[in-house]
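Numbering (my numbering), first residue to last: 3 to 151.
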């Protein structure tokens, strides 16, 4: 709530603007962004919030988050490939750590993160995933099945 969120917050016009921008963008090789209701609903409720960390962190340093899917505008190919590997589709949600990682949401509203160290599963829903980042809780690293053994 300190960041400006209130129950029932809805910024549908902003979410529509973001959906329009993402739907018309293509990567240099023609990769489009996936768009779906879970992303739109999350953008409308949480869009433009800047969330600060809640303390020093539990397992990792806690980090702040900016909800702005246009921060992932040029990540269509990466999100498409990761989504296919996960058997879903991913759409950008924002970024964490001052731009060090991209946040993405899937069709089921699960939250993921992509950074220079790899791909991460943050939680089964957006609020749980955001809590993982804001508290520095331990995320789950995504690895190919042959590397998980």
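Don't be surprised by glycine CBs; every beta carbon is placed ideally from N, CA and C.
Helix, strand or coil at residue i [DSSP, three-state]
i	result
residue 103	strand
residue 82	helix
residue 47	helix
residue 74	helix
residue 34	strand
residue 148	helix
residue 95	strand
residue 67	strand
residue 113	strand
Residue i classed as buried or exposed, judged by whether at least 16 other C-beta atoms fall within 10 angstroms
i	result
residue 30	exposed
residue 92	buried
residue 26	exposed
residue 98	buried
residue 63	exposed
Under 8 Å between C-beta atoms of residue i and residue j
i	j	result
residue 105	residue 113	yes
residue 152	residue 117	For residue 152 there is no data in the structure shown, the boundaries of the chain being 3 and 151.
residue 109	residue 94	no
residue 115	residue 124	yes
residue 43	residue 16	no
residue 61	residue 140	yes
residue 67	residue 136	yes
residue 33	residue 78	yes
Inter-residue spacing [alpha-carbon to alpha-carbon] between residue i and residue j
i	j	result
residue 53	residue 70	12 Å
residue 120	residue 143	7 Å
residue 80	residue 46	24 Å
residue 21	residue 82	16 Å
residue 28	residue 35	7 Å
residue 7	residue 13	11 Å
residue 2	residue 96	The chain is shown from 3 up to 151; residue 2 falls before or after that span and cannot be answered.
residue 38	residue 138	28 Å
residue 131	residue 19	24 Å
residue 127	residue 88	16 Å
residue 84	residue 11	30 Å
residue 40	residue 9	17 Å
residue 48	residue 100	18 Å
CB contact check: residue i to chain D, cutoff 8 Å
i	result
residue 34	No chain D is present in this structure, which holds just one protein chain.
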